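Read the structure below first, then the notes.
6 protein chains.
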Amino acid sequence: MTRADGRATNELRKVKITRNYLKYAEGSVLVEFGDTKVICAATIEEKVPPFLKGSGEGWVSAEYSLLPRSTQSRNVREAARGKQTGRTHEIQRLIGRALRSVIDLKALGEKTIWLDCDVVQADGGTRTAAITGAFVALVDAINSIWGESPKPFPVKDFLAAISVGILPAGVYLDLCYSEDSTAIVDLNLVMTGSGQFVEVQGTGEKGTFSQEQLNEMLAVASQGIEVLLDIQKETLGPVSWKVGREG
Amino acid sequence: MTRADGRATNELRKVKITRNYLKYAEGSVLVEFGDTKVICAATIEEKVPPFLKGSGEGWVSAEYSLLPRSTQSRNVREAARGKQTGRTHEIQRLIGRALRSVIDLKALGEKTIWLDCDVVQADGGTRTAAITGAFVALVDAINSIWGESPKPFPVKDFLAAISVGILPAGVYLDLCYSEDSTAIVDLNLVMTGSGQFVEVQGTGEKGTFSQEQLNEMLAVASQGIEVLLDIQKETLGPVSWKVGREG
Amino acid sequence: MTRADGRATNELRKVKITRNYLKYAEGSVLVEFGDTKVICAATIEEKVPPFLKGSGEGWVSAEYSLLPRSTQSRNVREAARGKQTGRTHEIQRLIGRALRSVIDLKALGEKTIWLDCDVVQADGGTRTAAITGAFVALVDAINSIWGESPKPFPVKDFLAAISVGILPAGVYLDLCYSEDSTAIVDLNLVMTGSGQFVEVQGTGEKGTFSQEQLNEMLAVASQGIEVLLDIQKETLGPVSWKVGREG
Amino acid sequence: MTRADGRATNELRKVKITRNYLKYAEGSVLVEFGDTKVICAATIEEKVPPFLKGSGEGWVSAEYSLLPRSTQSRNVREAARGKQTGRTHEIQRLIGRALRSVIDLKALGEKTIWLDCDVVQADGGTRTAAITGAFVALVDAINSIWGESPKPFPVKDFLAAISVGILPAGVYLDLCYSEDSTAIVDLNLVMTGSGQFVEVQGTGEKGTFSQEQLNEMLAVASQGIEVLLDIQKETLGPVSWKVGREG
Amino acid sequence: MTRADGRATNELRKVKITRNYLKYAEGSVLVEFGDTKVICAATIEEKVPPFLKGSGEGWVSAEYSLLPRSTQSRNVREAARGKQTGRTHEIQRLIGRALRSVIDLKALGEKTIWLDCDVVQADGGTRTAAITGAFVALVDAINSIWGESPKPFPVKDFLAAISVGILPAGVYLDLCYSEDSTAIVDLNLVMTGSGQFVEVQGTGEKGTFSQEQLNEMLAVASQGIEVLLDIQKETLGPVSWKVGREG
Amino acid sequence: MTRADGRATNELRKVKITRNYLKYAEGSVLVEFGDTKVICAATIEEKVPPFLKGSGEGWVSAEYSLLPRSTQSRNVREAARGKQTGRTHEIQRLIGRALRSVIDLKALGEKTIWLDCDVVQADGGTRTAAITGAFVALVDAINSIWGESPKPFPVKDFLAAISVGILPAGVYLDLCYSEDSTAIVDLNLVMTGSGQFVEVQGTGEKGTFSQEQLNEMLAVASQGIEVLLDIQKETLGPVSWKVGREG
């Protein structure tokens, strides 16, 4: 059974990661999952939040935003309204947590890496695209200051994320916006290069799901992530060998 | 193997739900999971958010807050700072989504039910305690306007939530604050009275987890939720028979 | 002549102060004046506002908030709206000023004591209940760091507060919400253990009052405060002997 | 015994009320108490706050602000900081309450009168100068729409306010800034033309006061207000006859 | 004399306007002036600001933002800080005013067109690039609802903008960031297709300028705008014929 | 041809600058252009913004505000709304830039001078009146700390500003509010004592203008500024000799 765009139910949209998308950032990509497009920029800052001062450890923090017209109807600019929505808070916390899970914050040292994920076009799956793209920007940023240093590289493993959902017709991988609006259950999976889970967020606002359905979604999502990990490695080329290198 | 407070690893803390805790609210409880104490108040408002006007459907919305000295060190009052933290946004969105999953919004009609979850004391598991307690307040609030009406009761099923985590020594149910700080993986499960999942949020910020570990956590959490469902039913007494009643 | 709840016009509601209400705070109470219930928590912070840095003096600051459903109809959460109301500002300034009047800020040293007064249920008189309860929490907090130290105890005198009003039928002590809404004149009195006035705030928004009426209100209020002072002393037990102790 | 500026302890500073100070406002004054200067503008708006819609009643609301350099050292502009201070809230609530006490809101009808009190120079007593001046602006604004109408004039009585304090050397009327900083007790009195009290706010942050001292302060303040009422009447000229006119 | 990038002093950088850059917006472009890149999106909203309700006239409003890492060092996200900077306000007011000058707001009817200008990369001249690009997005948006309608097309004339500056070495057109930082005088010119001025903003913060220098800057800028107008026309193709068409 | 108030088209309104208008500020004026009245206060602060720390250079920063009833209909107080409007931001940035252009920030040393421009009455031309008046306050403030010091005086030249507009009947100098509302083009000119331009801001929101019209406006405005410079010199008296003095 196929979908509006001809994909199989367990097939990703066309994924493309354009490296070094921005001139000034220490690392940056444009990541595209079909019509979903997110600019991810990594910035290295030589200070840490107050709770880490003097600890010798670094931090990774993410911010997320939708351009006003990334969406079907215009969404009000958060800067004009004077505050970020709850959805933005929820997503940027997820992105930050996910990326910190593969960073050795001690090895990084007292630096903060900011990951700015700005959605240019939103056709479903923006948070998982952001995580997948931000990982590449993060590796490039750290590589820009690590160079050929013999110290352990602070990125411990690869990391990618994908969404999967239960639609009336079954389990679908990598939902686009129109599919997402008919989904009964929605699950976002963040997984490492070694196949371990980092975040599992399954939500049944319009329905519920069983243990079996959860397992089926995770299986389909894991396959999708395998493909994403390959794309990340190909994008990073030789730099990808540094990930997980222990010095 | 036992814990600091003598519990077995798959044992809940002492849970207590005090019904009608507030004089003015349509429904309210004080819910206690050990030293974690949350006041949950349900308010019925005769209007809906703009996107539902004229739809005939209702809405359920949650707000969450920590009293400044519910925590070990004082946390700055959000009203004084002028904005809610990302953590607050994330939690109140989770509570709202979870409770909407068991409400028949059409049957409710054009009303909003506000669920205010104010944490008086925070010793771990405040968001799951809030969901478990808010469910009871919500049933009472709806009952206060439904009375003996023969129409289908808009609460379709029971709903409770619990946390579970992977500690160095294994999987633990219902983490208190000191356990939570040593957890490698943290999972919150929201489940219905019929054993279906509503939300599965597993997070491995300090580590990762496998499919097997996920399944183990879910099994332990499901057992804990069975106990919570019984406590909810006992607390609600005869009103509990209305849940799921189709008219 | 008696009132809806059977009290005499110069009689307080049932007042109860539950000490050590919270697990983490250095001092805390639940104070109840009839159905009015306020949680007062005292936190000691080892720093002072900028204008006191290096002065050797301490500070006492209060914050006040209504839980959204402490009131008959739900009041919008200030943290969600992004600012505190004028009423909140007015009340928390009053509480802070009142408590500072009995503290020897020099003896306290460069510390700030925060008094968080969170109203769980609001049936009139929340600001005077908050002052009366916060005093006990403040004594306990200072005692927690003073212990058996021979230095002068920084609490110079007892302090309590009560409201009184002119209703069509005469002067009434300790107004509950329904009485408060029919009051022509409203007066809050803050008084010390030695019978001196700290704050007199008489307000005639719906009417005016003469010097004689002012004196009558003050006489009735003073009697009420005598009772409150006794309750504070009984609540504090032996710790009450430290108040006013000069070393 | 005399003061730095040669006044007797029960003597006002030189008070001057310049009527029609602004070109566009319906009523406006510059009020000066010595070096304290406040611009008071009254604006009539043909709508009321939500809680009065359809009630047939009007409203009076006040706003207060210090120009950044009205004070000895520059105070940060509230508009730049994004919020009003607690002190501002407290003062503008006092001004609004005081003026509403002499307005027949039913006779006014569904209108709001805004009173903007902007302090150009602050040498003590700004809130009482604001009330005294705003009263004149308010009468002029109402007169501008009432004209020769035979309906009862909605201003029921005159209203003025003054500060008085207990200094080490005794009770002083109308404190300037340098006196205010040495005051032990500070009292603001708002009184009507018929000698009734509207607001009595006595505050002993740096000390306390007895019933006798309260009475002494009120006696001195009342005399000061008599003088202010005469100045208001002289300023208003024939318009002053309308105050209290019942149609 | 040539510049770092080999341009003549009166030569534009490479300018490129990619039409229909976004999938959902009624009109959108990516405009590039060398390394300066701005996404301009036009949204049509079927309502107008309050001051135009019932007037039959429409409105054009612009918003401007820098992505956090569009700049050399990261600039704090305005949505996270909770307010827009003064620079943002100044620029978005300029963009809005400029575009309204060529729109027949009566012919447009009661609609608002929002122009969102989001800077992806900032290498100088972002506000003039935004105006030049937003014009194309605006024409496309209006064309999307006008189609082949015989009514007058509401865009009266073409509009483009460019910056010019006085550097130590003379007058330079279209300053990049490094040139801009050494400029003594900076001028932004907005001009119509018929060669009329809409905005002239010359600023000499680091120096001053004479009437002759002003005229020289305007002459150079006007030439640059001629080139931009040609690029706009080429980009719009046949749609460009509608601009200025009177029905 | 004359105007409503009898002025010639190239004639200023009556301009008056009252020096030392405020008691506490280091420099202050009330500046009047006809019915437009602005209080300008200069404050010297012994610190600089972060980007200048340790640079040895000073800063000049301006803030602008309309009193709520300075305008024909009341404008909402920015402090109450919690943010400044875009117009306020635009104007205060202009004032700051303009005044910095004649200050030798190195000679000033690490100090910030704040210029608070508060509009008491707004009858057109408030921003140019503010610049013209703030210059005098600024000179007085610097003089208050420079005294007879032999070091170069940090004010390099005089500075004044005026508005000019194209009305249906031609070019008019110094527009009052009613003229301003019928203007097709509006231009603000800031000029130094030596006749150099500092800011030229010509805006044709309701029309456009040619190079010739621009030149005509600048010529008329320059004449107006000559008159303003004379008034500034007369106001400053002997202090005016210090402006431009090189030590």
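Residue numbers (the UniProt record's numbering), protein chains in the order written: chain E, 1 to 247; chain Z, 1 to 247; chain F, 1 to 247; chain A, 1 to 247; chain S, 1 to 247; chain Y, 1 to 247. Ideal placement from N, C-alpha and C gives every residue a C-beta, glycine not left out. Quantities reported herein were computed from a predicted structural model and do not represent experimental measurements.
For the C-beta of F:Leu22, the chain Z residues within less than 7 Å are, from N- to C-terminus, Arg69, Gln121.
Sequence-distant Cβ neighbours of Y:Ser65 in its own chain, meaning closer than 6 Å and more than five residues away, are Asp118.
Less than 7 Å separates the beta-carbon of F:Gly34 from that of F:Arg13.
C-alpha of F:Ile113 to C-alpha of F:Arg100: approximately 10 Å in a straight line. Under DSSP, A:Asp186 takes part in a beta bridge, and its partners are A:Gly165, A:Thr203. Around Z:Gln84, the beta-carbon contacts reaching into chain F at under 8 Å are Ala79, Ala80.
In the assembly as shown, A:Val76 is an exposed residue. Its beta-carbon has fewer than 16 other beta-carbons within 10 Å. Within the segment 41-123 of chain Z, complete alpha helix (DSSP H) segments of at least 4 residues are found at 78-81, 86-100, 105-108, given in chain order. Beta-bridge partners assigned by DSSP to A:Val239: none are found. Under the three-state reduction of DSSP output, A:Ala8 falls in the strand class. Within chain A, no residue has its CB atom less than 8 Å from the CB of F:Arg3, the nearest being about 25 Å off. With contacts defined by Cβ atoms closer than 7 Å, F:Leu175 and F:Gly133 do not form a contacting pair.
Between Y:Glu90 and chain S, the shortest Cβ-Cβ separation is below 7 Å.
For Z:Phe33, the uninterrupted beta strand (DSSP E) segment begins and ends at 27-33. Counted as a single uninterrupted DSSP element, the alpha helix (DSSP H) harbouring S:Leu138 occupies residues 126-146. Using beta-carbon distances, F:Glu216 does not count as an interface residue toward chain A, since no partner is under 7 Å. S:Ser70 sits buried, since 16 or more C-beta atoms from the chains shown fall within 10 Å of its C-beta. Judged by DSSP secondary structure, S:Tyr177 falls within the alpha helix (DSSP H) whose first and last residues are 177-180. Between S:Asp157 and S:Val102, the C-beta spacing is below 7 Å. Listed along the chain, the chain Y residues whose CB falls inside 7 Å of the CB of A:Trp114 are Arg74. In summary, no residue of the segment 36-66 of chain F has a CB separated from any CB of chain A by less than 9 Å. If the five residues before and after E:Phe209 are omitted, its C-beta is found closer than 6 Å to the C-beta atoms of Val185, all from its own chain and listed in chain order. The beta carbon of F:Val29 sits closer than 7 Å to those of Ile17, Thr18, Arg19, Tyr21, Cys40, Gly133, Val136, Ala137, all from its chain and outside the five residues before and after it, given in chain order. With fewer than 16 other CB atoms across the displayed protein chains lying within 10 angstroms of its CB, Y:Arg81 is exposed.
Taken atom to atom, the span from the alpha-carbon of A:Gly147 to that of F:Val171 is near 41 Å. Interface criterion met: the Cβ of Y:Val198 is under 7 Å from a Cβ in chain S.
Collapsing the DSSP output to three states places S:Leu229 in a helix.
It is roughly 50 Å from the alpha-carbon of A:Pro49 to the alpha-carbon of S:Lys206. With a cutoff of 7 Å on beta-carbon distance, S:Glu26 and S:Ala98 are scored as not near each other. If you draw a straight line from the Cα of A:Lys233 to the Cα of A:Ile131, it is about 15 Å long. The criterion of a C-beta distance shorter than 7 Å is satisfied by E:Ile142 and E:Pro154. Neighbours of E:Ala25 in chain S, taken as residues at a C-beta separation under 7 Å, are given in chain order as Arg69. Taking the Cα positions, E:Ser73 is about 49 Å away from Y:Val220. Exclusion of the five residues before and after E:Gln121 leaves Asp35, Thr36, Lys37, Ser70 as the residues of its chain whose Cβ lies within less than 7 Å of its Cβ. Here A:Asp116 is buried. Its C-beta has 16 or more other C-beta atoms within 10 Å. Residues Pro152, Pro154 of the same chain have their beta carbon placed closer than 6 Å to that of F:Ala107, with the five preceding and five following residues left out of the count.
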